[in-house]
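Asker:
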Amino acid sequence: MGLGIGWGGFAAALGGSGVGALRYMFPNVLYEPPTVFKIGKPDDYGIGVDNKLKKERQIWVVRNERGIYVMVAICRHLGCTPNWFDDQKKFRCPCHGSIYDVAGNVVGGPAPRTLWRAALSIDPVDGQIVVNFTQRQDPDPKGTEEGLMVDEKSREVPPFFLEV
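In UniProt numbering, the protein residues as written are 1 to 164.
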């Protein structure tokens, strides 16, 4: 009887180790969206802020009279996701009240930096805009009466601005 209990304990220990070893072969993987992706052709975007990729890709596509830029939809205060209010022409963070203008400048609240702009280019094969989410423009803002501002001309440079 004692020998049976011993062999049973040995089998249980071996089985437990085997399960652990087998589980080790299949690690937990966090599947995240790609950091370089296409968002369509420049003609797909009209003047103003396009919200359609905010939830899926964490970006806004902004087109002005001179070209297109992509802003990263992450508040620079604590990483929340701001919302675009078209009637006010402002991005507002619901967490702590940071407010940004259409260029990403801080015009209110606790955010210490302007919104990032992601790098973009045109794919020579199909003419689509390619966004590189990890390459971000992070200029030093200057304090003004309106808030933390960056000269727009200094931000409208490749690869963070696409003239169209």
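Heads up, the beta-carbon is just placed ideally off N, CA and C, and yes, glycines get one too.
Because the structure is a prediction, the values reported are computed rather than measured.
Please name the residue, chosen from Y69, G79, D138, that lies closest to I129 on a Cα-to-Cα basis.
Answerer: Mapped onto the sequence shown, residue 129 falls at position 129. It is Y69 whose Cα lies nearest to the Cα of I129.
Asker: Which of the three DSSP states is assigned to F85 in this structure?
Answerer: Translated into the one-based positions of the sequence shown, residue 85 becomes position 85. Strand at F85.
Asker: Let me check one thing: in DSSP terms, what residues is F37 bridge-paired to?
Answerer: Here the question's residue 37 lines up with position 37 in the sequence shown. Its beta-bridge partners are V131.
Asker: Please report the residue range of the beta strand (DSSP E) in which S98 lies.
Answerer: Mapped onto the sequence shown, residue 98 falls at position 98. Here S98 belongs to no beta strand (DSSP E), and DSSP marks it neither H nor E.
Asker: If contacts are defined as beta-carbon pairs under 8 angstroms, then R155 and L115 qualify, I think. What distance do you get, rounded to the angstrom?
Answerer: Position 155 of the sequence shown, counted from the first residue, corresponds to residue 155. Position 115 of the sequence shown, counted from the first residue, corresponds to residue 115. About 10 angstroms; that fails the 8 angstroms criterion.
Asker: According to DSSP, is A118 part of a helix, a strand, or is it coil?
Answerer: Indexing the sequence shown from 1 puts residue 118 at position 118. If DSSP states are grouped into helix, strand and coil, A118 belongs with the strands.
Asker: Can you tell me where the beta strand (DSSP E) holding K54 begins and where it ends?
Answerer: To locate residue 54, count along the sequence shown from 1; it is residue 54. Segment 54–57 is the alpha helix (DSSP H) holding K54; no beta strand (DSSP E) there.
Asker: Looking at C-alpha atoms only, which residue of G104, W60, F133 is the closest neighbour of F37?
Answerer: As a position in the sequence shown, residue 37 is number 37, starting the count at 1. Answer by Cα proximity: F133.
Asker: Could you say which of R136, K153, M149 lies nearest to P159 if we only look at CA atoms?
Answerer: Position 159 of the sequence shown, counted from the first residue, corresponds to residue 159. The shortest Cα separation from P159 among R136, K153, M149 belongs to R136.
Asker: Please determine, among D43, E56, L78, K52, the residue with the shortest C-alpha to C-alpha distance to residue 167.
Answerer: Residue 167 is absent from the model: the chain starts at 1 and stops at 164.
Asker: Going by C-alpha distance, which of F85, S121, P139 is nearest N105?
Answerer: For the purposes of this step, residue 105 is taken as the residue at position 105 of the sequence shown. Measuring from the Cα of N105, the nearest candidate turns out to be P139.
Asker: List the endpoints of the continuous beta strand (DSSP E) containing R92.
Answerer: Taking the sequence shown and counting its residues from 1, one reaches residue 92 at position 92. From DSSP, the beta strand (DSSP E) with R92 extends over 90–92.
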